[in-house]
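Visitor: Chains A and B, in that order, are what the protein sequence lines are.
My numbering puts the first sequence at residues 154 to 646.
My numbering puts the second sequence at residues 8 to 434.
Ideal placement from N, C-alpha and C gives every residue a C-beta, glycine not left out.
As the structure is a computational prediction, the values presented were derived from the model and not from experiment.
What follows is a single structure, and I will ask about it in a moment.
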Amino acid sequence: MPPTSLQGLPREFGGDLPTYLDDSAALRFWGRVMLMSHTRPAPIRQLDLPNGLPLTQYAFPNGLSLYVVENHTAPVFTYETWFKVGSKDEKLDPALKATGLAHLFEHMMFRGTKKFPDGQFDEVLARNGVDDENATTWLDRTNYYQSLPNDKLELAVQLESDRMVNLALDSKLLETEKGAVLGEYRMGLDDPDMVSYDKLYEAAFLVHPYRYTTIGTEEEIKSFTVEMANYFYRKYYAPNNATILVVGDVDPSQVYDLIEKNYGSIAAHPIEFQEAPPEPEQKEARSAEFHHPQLSQIRVLFGYPTVPVSDPDFAPLWLVISALTYGQGAILEEDWVNSGVAISSYGDLNQFKDPGLLILMADLQSDHESEEGIQELETILNKVFTKLGTLEFAQEVIERSRNQLLLSIYQQCEDNASLASLMGEYISSVGDPTFAFELLKRVESATPQDLIRVVKKYLQPHRRTRVIGYPQETKDGAKEDAKEDAEEVEAKS
Amino acid sequence: MKLVIEPSLQKFLTHFSVLIHAGSLSDPENKPGLAYFATRALLRGTKKKNFHQLSQEIEVLGGSLALAIDQSETLLRGSVLTQNLDPFLDLIQEVLMEPGFEPVEMDLLKKILEGELEQSLQDPRTLVSRALLQKAYFTSPVSRPPEGTMEGLAQITPADLHAWFKKFVVSENIVFGVTSFVEEGDLKRRIESRLKDLRHGPSTISQFPSATFPAHRQAIIVDREEMSTVPLFLTVPGISDRDPDSLALEVGNFVFGDDFTARLMQVLRAQNGWTYGAYSGYGQLLGPKREAGLFSIYLFPSAEHVEKAAPKTLELFEEYVSKGLSEDEFRFAQEALSNRYPFRLDSAEKRLGLRIREIATGRPYQTTEQYRARLSSLDRNQVNDRIAKRTSTGNLIIAAAGEHRRLESVFSQLPGMKEVHTVEVTP
Chain A
154 MPPTSLQGLP REFGGDLPTY LDDSAALRFW GRVMLMSHTR PAPIRQLDLP NGLPLTQYAF
214 PNGLSLYVVE NHTAPVFTYE TWFKVGSKDE KLDPALKATG LAHLFEHMMF RGTKKFPDGQ
274 FDEVLARNGV DDENATTWLD RTNYYQSLPN DKLELAVQLE SDRMVNLALD SKLLETEKGA
334 VLGEYRMGLD DPDMVSYDKL YEAAFLVHPY RYTTIGTEEE IKSFTVEMAN YFYRKYYAPN
394 NATILVVGDV DPSQVYDLIE KNYGSIAAHP IEFQEAPPEP EQKEARSAEF HHPQLSQIRV
454 LFGYPTVPVS DPDFAPLWLV ISALTYGQGA ILEEDWVNSG VAISSYGDLN QFKDPGLLIL
514 MADLQSDHES EEGIQELETI LNKVFTKLGT LEFAQEVIER SRNQLLLSIY QQCEDNASLA
574 SLMGEYISSV GDPTFAFELL KRVESATPQD LIRVVKKYLQ PHRRTRVIGY PQETKDGAKE
634 DAKEDAEEVE AKS
Chain B
8 MKLVIEPSLQ KFLTHFSVLI HAGSLSDPEN KPGLAYFATR ALLRGTKKKN FHQLSQEIEV
68 LGGSLALAID QSETLLRGSV LTQNLDPFLD LIQEVLMEPG FEPVEMDLLK KILEGELEQS
128 LQDPRTLVSR ALLQKAYFTS PVSRPPEGTM EGLAQITPAD LHAWFKKFVV SENIVFGVTS
188 FVEEGDLKRR IESRLKDLRH GPSTISQFPS ATFPAHRQAI IVDREEMSTV PLFLTVPGIS
248 DRDPDSLALE VGNFVFGDDF TARLMQVLRA QNGWTYGAYS GYGQLLGPKR EAGLFSIYLF
308 PSAEHVEKAA PKTLELFEEY VSKGLSEDEF RFAQEALSNR YPFRLDSAEK RLGLRIREIA
368 TGRPYQTTEQ YRARLSSLDR NQVNDRIAKR TSTGNLIIAA AGEHRRLESV FSQLPGMKEV
428 HTVEVTP
């Protein structure tokens, strides 16, 4: 008789499981324990995540990695495949030296194999109840994901393993897909937010390929051929460059068996990655500007080079960005927005494999749209950094900052897809999706002294890149004057 | 006050959704934006705490409170680390019962809201939807954005805020939704003990007005230079959220434009590469309502493809309404929607949202079994009949942003198009 309670199971089998598992889950779990001990290699790791969900990790001989997080609260699961290749890598690839193919190729992954010709992949998934099926490409990685009802696990495994090796690349389809990608590219051109970020990265990185946009340029997108797509596919889409994350109402042993059956015969091959050139230490402040027809106010962005996400300084920096911009009570909400200088404040801290940026952004209030307004914003920021460098203030803000970060992380742990995304981001950047929870520990243990140290180390005026976006068309003289005023000052400096 | 508790298995966070039956329809004619201003003002301080103190106290608990408004309702949404539930509930009590509306703070908020209004038109989709609602609802308050207008904001006084609060933030007008790991009875006691003294007053559920569509086809253009894409809506009258035909029309729309596999995406994107996206639905321009809203198609073709994409979209729409679904398409949609339904209920927050929606719009909450039973009882003829009878094509409005000469030439050549106007959208 299988046990009806899981209490007392040895820790290596995930003892102390959440008490909300129902009997059927208990039966599945017991079945897994019994089978595992006889017929399949032991998992290389089992642990309980901070939210109580058990995680099981497997490795396959062809280099494929598998992480399964059991969540039996609803009869559904999310299946994600992460490849450790992004636009940074294609730029460094001597055979490509461009960006945009990694993203265009990601689109082509939906355009058919011999077994599932063009249109079939999406149709089969839709018929079987897929909730969210898509893919994303970013600087360090590419991921594919779908959420399905719990009885469709084998289907997800079959479809994903098939397109990992059997994609049928076709020049006509490639040309059509370029049209959709160009549409996406142009949508980005119309969006001041996208353009603002692109300008900042371009100015802040001089040699590192993070300075190039993932989507590429119009010329690059148009130039890609089927041969180039095939080269990219054969080089980077291999099991030894992939990790599968399954989160939801699944049995890890069943997932293992299905993965083994469907991916087991896919051969690994060595992949030579080029190291990105390290960005030289920034010694002088930089500035750049742009004009955009859709911008209604002057926008100001500040970027500071930071550290890779794996670096011990990352967690305190994360607390700093939380202190500055997370929530209505954030420092810059108070000092930029409530002082009447800006309409909004926004912040971001890149979680990249290589050093990224800490980004701060504001749109100026109409009565501050002048060079003086921009300077005021910068002066306030300098004062804030000085203040954050004092023990008294760091002590005052750290609890709010920490709890806002915990809130945001826990929110991402609440459904399968968000949890898979949260964890998946650390596959390329750190090599371990459970780093999400290591980071959580680092956030919890960071001290006010850590905050002070990173503020003083990374947020120096000479490490700043400032980008100013101006409305292109002006309805009245004020904005035009502000722009001319600012350009004049820029020219003098 | 209606209290809705949805138990959750998530231990760390408790989530709140506080619905107030007052949206922009309740705004006085000369003060559009009052409801939005007043509810934003609730978060700008209480009688005991200024804005800084209030936001600090909320956030130090690992909490957040944010606001969303539409024409009919205002929704205050919040989350907090469950370990800090009690002090957070104290703060919600203070926000809902003792707002500050301090004049200096209100002046600052007004300035922020004015900036946000201007900022909102940077988004091309917002720009076009604003123009479209102006046209379709030109005689009613729906023609104005729920967030108000510059002119309206200027007219609002602290006395208006107090009056709004007294009238609308009353027990009978509030649905208090919560999802938590805390035991239901205990949670109920903790909430009720804090909100038992909420002021009483009549419920103010408002009637959502009908759109005023012309008897013929019209196009409106928001003139914008240097747009690389053309955000484009095609709109006709829609249905209410509780409409008995809603399931049949959901099946139809799934095939037409609610999925990547749907006709719109397949023809406009997958086959031709003219647009990155093309979707249709009943909730694109207005949220779910007790009364009929709008059905719309949204696409954003590259500017160079709008000449082909616009007429093809119209052709697809006419074909959908006149011919309906094939048997294969109908079966496909039935199977897909049936399999997909568990995702609507897969988290406590989603279930809570549906329960609150049931109260707000009258759309019944359905378990997977109930939904599947209704879905399997449909047949193709019923669905096609409902599509044809409930979807008009003669009096549609097309709205887009881009270079007006180019768009005027495209739209004036569309079959049945009687009028093409260029309109202005101002904050």
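Based on DSSP bridge pairs, tell me the residues matched to ARG378(A).
Guide: Walking along the first sequence from the start, residue 378(A) turns up at place 225. For the record, residue 378(A) in the displayed sequence is Thr; it is not Arg. Per DSSP, none; premise fails for THR378(A).
Visitor: Would you say VAL25(B) reaches chain A, if we count a Cβ-Cβ gap shorter than 7 Å as a contact?
Guide: One-based indexing of the second sequence puts residue 25(B) at position 18. Judged by the 7 Å Cβ criterion, VAL25(B) is not in contact with chain A.
Visitor: Between LEU306(B) and VAL417(B), what straight-line distance do the alpha-carbon atoms span, to the nearest angstrom?
Guide: Within the second sequence, the letter at position 299 stands for residue 306(B). Within the second sequence, the letter at position 410 stands for residue 417(B). Roughly 15 Å between the two C-alpha positions.
Visitor: Note down the Cα distance separating GLY161(A) from GLY294(B), rounded to an integer number of angstroms.
Guide: Translated into the one-based positions of the first sequence, residue 161(A) becomes position 8. Translated into the one-based positions of the second sequence, residue 294(B) becomes position 287. Confidence is the limiting factor: at GLY161(A) the pLDDT is only 27, short of 50, which leaves the residue's position unreliable and the question unanswerable from this model.
Visitor: Would you mind telling me which residues of chain A sit closer than 9 Å to PRO131(B), beta carbon to beta carbon, in chain order?
Guide: Mapped onto the second sequence, residue 131(B) falls at position 124. Per Cβ cutoff of 9 Å: MET340, ASP343, ASP344 and GLN447.
Visitor: Consult DSSP for SER418(A) and reduce its assignment to one of helix, strand or coil.
Guide: By 1-based counting over the first sequence, the position of residue 418(A) is 265. Looking at SER418(A) - three-state DSSP - the assignment turns out to be coil, as it is neither helix nor strand.
Visitor: What number of angstroms, rounded off, separates the C-alpha of LEU41(B) from the C-alpha of SER31(B)?
Guide: Within the second sequence, residue 41(B) is the residue found at index 34, counting from 1. Within the second sequence, residue 31(B) is the residue found at index 24, counting from 1. C-alpha separation (whole angstroms): 7 Å.
Visitor: Whole angstroms are fine: how far does the CA of GLY401(B) sit from the CA of ALA222(B)?
Guide: For the purposes of this step, residue 222(B) is taken as the residue at position 215 of the second sequence. For the purposes of this step, residue 401(B) is taken as the residue at position 394 of the second sequence. If you take the alpha carbons of ALA222(B) and GLY401(B), they lie about 7 Å apart.
Visitor: Assuming ALA255(A) and THR295(A) form a contact by the criterion Cβ under 8 Å, report the distance between their Cβ atoms to the nearest whole angstrom.
Guide: Along the first sequence, read from residue 1 onward, the residue named residue 255(A) stands at position 102. Along the first sequence, read from residue 1 onward, the residue named residue 295(A) stands at position 142. At roughly 6 Å, the Cβ-Cβ gap stays under 8 Å, so ALA255(A) and THR295(A) are in contact.
Visitor: Can you list, in chain order, the residues of its chain whose CB lies under 6 Å from that of GLY184(B), leaving out five sequence neighbours each side?
Guide: In the second sequence, the residue the question calls residue 184(B) occupies position 177. Here the set comprises VAL11, SER24, LEU359 and ILE363.
Visitor: What's the C-alpha gap between ARG381(B) and PHE188(B)?
Guide: For the purposes of this step, residue 381(B) is taken as the residue at position 374 of the second sequence. For the purposes of this step, residue 188(B) is taken as the residue at position 181 of the second sequence. Cα to Cα, the separation comes out at about 32 Å.
Visitor: Buried or exposed: where does GLY192(B) fall if 16 or more other Cβ atoms within 10 Å of its Cβ makes it buried?
Guide: Counting from one through the second sequence, the residue named residue 192(B) turns up at place 185. Burial call: exposed.
Visitor: Tell me, please, whether the segment 164 to 180 of chain B touches the segment 144 to 156 of chain B by the rule of three or more beta-carbon pairs shorter than 8 Å.
Guide: Output reads no: the segment 144 to 156 of chain B does not touch the segment 164 to 180 of chain B.
Visitor: So, does the CB of TYR297(A) fall closer than 7 Å to a CB anywhere in chain B?
Guide: Working through the first sequence from its first residue, we reach residue 297(A) at position 144. No, no contact with chain B.
Visitor: Mapping DSSP to helix, strand and coil, what is GLU425(A)?
Guide: By 1-based counting over the first sequence, the position of residue 425(A) is 272. Coil.
Visitor: Please go through the same chain and pick out, in chain order, the residues whose beta-carbon is closer than 7 Å to the beta-carbon of ALA515(A), but skip the five residues on each side of it.
Guide: Position 362 of the first sequence, counted from the start, is the residue given in the question as residue 515(A). Closer than 7 Å at the Cβ level, and outside the excluded window around ALA515(A), lie VAL453, TRP489, ALA495, SER497, SER498 and LEU530.
Visitor: Under the DSSP definition of a beta bridge, which residues are partnered with TRP235(A)?
Guide: Start at 1 with the first residue of the first sequence, and residue 235(A) comes out as number 82. ASN296(A) and THR396(A).
Visitor: Taking PHE263(B) as the reference, which of ASN279(B), ASP252(B), ILE246(B) and SER287(B) has the closest Cα?
Guide: Counted from its first residue, the second sequence places residue 263(B) at position 256. PHE263(B) has its Cα closest to that of SER287(B), out of ASN279(B), ASP252(B), ILE246(B) and SER287(B).
Visitor: Taking the straight line between their C-alpha atoms, what separation do you get for ILE605(A) and PRO423(A)?
Guide: Here residue 605(A) corresponds to residue number 452 of the first sequence, with the count starting at 1. Here residue 423(A) corresponds to residue number 270 of the first sequence, with the count starting at 1. The straight-line gap from Cα to Cα measures roughly 44 Å.
Visitor: So, do the segment 293 to 307 of chain A and the segment 564 to 573 of chain A have three or more beta carbon pairs nearer to each other than 8 Å?
Guide: Flag = yes, the segment 293 to 307 of chain A and the segment 564 to 573 of chain A touch.
Visitor: My output table needs one value for LEU421(B): the three-state DSSP class, helix, strand or coil.
Guide: One-based indexing of the second sequence puts residue 421(B) at position 414. It is coil, neither helix nor strand.
Visitor: Only counting the same chain, and skipping five residues up and downstream in sequence, which positions put a Cβ closer than 6 Å to that of LEU254(B)?
Guide: In the second sequence, counting from the first residue as 1, residue 254(B) sits at position 247. Closer than 6 Å at the Cβ level, and outside the excluded window around LEU254(B), lie ARG381.
Visitor: With a cut-off of 8 Å on the beta carbons, I'd call ARG339(A) and SER86(B) a contact; round off their distance for me.
Guide: Here residue 339(A) is taken as the residue at index 186 of the first sequence, counted from 1. Here residue 86(B) is taken as the residue at index 79 of the second sequence, counted from 1. The Cβ separation is near 36 Å, so there is no contact.
Visitor: Within the continuous alpha helix (DSSP H) that includes ASP275(A), where are the two ends?
Guide: What you label residue 275(A) is simply residue 122 of the first sequence in a count that begins at 1. Start and end: 273 to 280.
Visitor: Between LYS18(B) and the rest of its own chain, which residues show a CB-CB distance below 6 Å, the 5 nearest in sequence each way excluded?
Guide: Position 11 of the second sequence, counted from the first residue, corresponds to residue 18(B). Hits under 6 Å: PHE188.
Visitor: Can you name the residues of chain A whose CB is closer than 8 Å to the CB of HIS169(B)?
Guide: Counting from one through the second sequence, the residue named residue 169(B) turns up at place 162. Result: empty, since nearest Cβ-Cβ is about 22 Å, beyond 8 Å.
Visitor: Taking the Cβ atom as the reference point for each residue, do VAL620(A) and ALA356(A) lie within a distance shorter than 7 Å?
Guide: Start at 1 with the first residue of the first sequence, and residue 620(A) comes out as number 467. Start at 1 with the first residue of the first sequence, and residue 356(A) comes out as number 203. Yes; because the gap between Cβ atoms is below 7 Å, this pair is in contact.
Visitor: Kindly list the residues whose CB is nearer than 8 Å to the CB of LEU421(B), restricted to its own chain and excluding five residues on each side of it in sequence; keep chain order.
Guide: The sequence position of residue 421(B) within the second sequence is 414, counting from 1. Cβ neighbours of LEU421(B) beyond the five flanking positions: ARG224, ALA226, ALA317, PRO318, LEU321 and ILE405.
Visitor: Could you work out which residue in TYR289(B), LYS296(B) and ARG47(B) is closest to LYS118(B) when comparing CA atoms only?
Guide: Counting from one through the second sequence, the residue named residue 118(B) turns up at place 111. It is ARG47(B).
Visitor: Can the beta-carbon of LEU239(B) be found less than 7 Å from the beta-carbon of ALA407(B)?
Guide: Counting from one through the second sequence, the residue named residue 239(B) turns up at place 232. Counting from one through the second sequence, the residue named residue 407(B) turns up at place 400. Yes. Within cutoff.
Visitor: Say whether chain B places a C-beta atom closer than 7 Å to the C-beta of ALA333(A).
Guide: Within the first sequence, the letter at position 180 stands for residue 333(A). Yes, ALA333(A) lies at the interface with chain B (some Cβ there is under 7 Å from its Cβ).
Visitor: Whole-angstrom Cβ separation of GLY272(A) and TRP281(B), contact assumed at under 8 Å?
Guide: In the first sequence, the residue the question calls residue 272(A) occupies position 119. In the second sequence, the residue the question calls residue 281(B) occupies position 274. So it is not a contact: roughly 17 Å between Cβ atoms.
Visitor: Is it buried or exposed for GLY336(A), if we count other Cβ within 10 angstroms and need 16 for buried?
Guide: Counted from its first residue, the first sequence places residue 336(A) at position 183. The residue in question, GLY336(A), is buried, as its Cβ has 16 or more Cβ neighbours within 10 Å.
Visitor: Using the beta-carbon of each residue, which ones in chain B are nearer than 8 Å to GLN557(A)?
Guide: As a position in the first sequence, residue 557(A) is number 404, starting the count at 1. Within chain B, the residues near GLN557(A) are GLU66, GLY69 and SER71.
Visitor: Can you list, in chain order, the residues of the segment 273 to 301 of chain B whose Cβ is nearer than 9 Å to any Cβ on chain A?
Guide: Here the close residues are GLN273, ARG276, ALA277, GLN278, ASN279, GLY280, TRP281, THR282, TYR283 and GLY284.
Visitor: Output, in sequence order along the chain, the residues in the segment 473 to 491 of chain A whose CB is closer than 9 Å to any CB in chain B.
Guide: Against chain B - using a Cβ distance shorter than 9 Å - the residues of the segment 473 to 491 of chain A are TYR479, GLY480, GLN481, GLY482, ALA483, GLU486, GLU487, VAL490 and ASN491.
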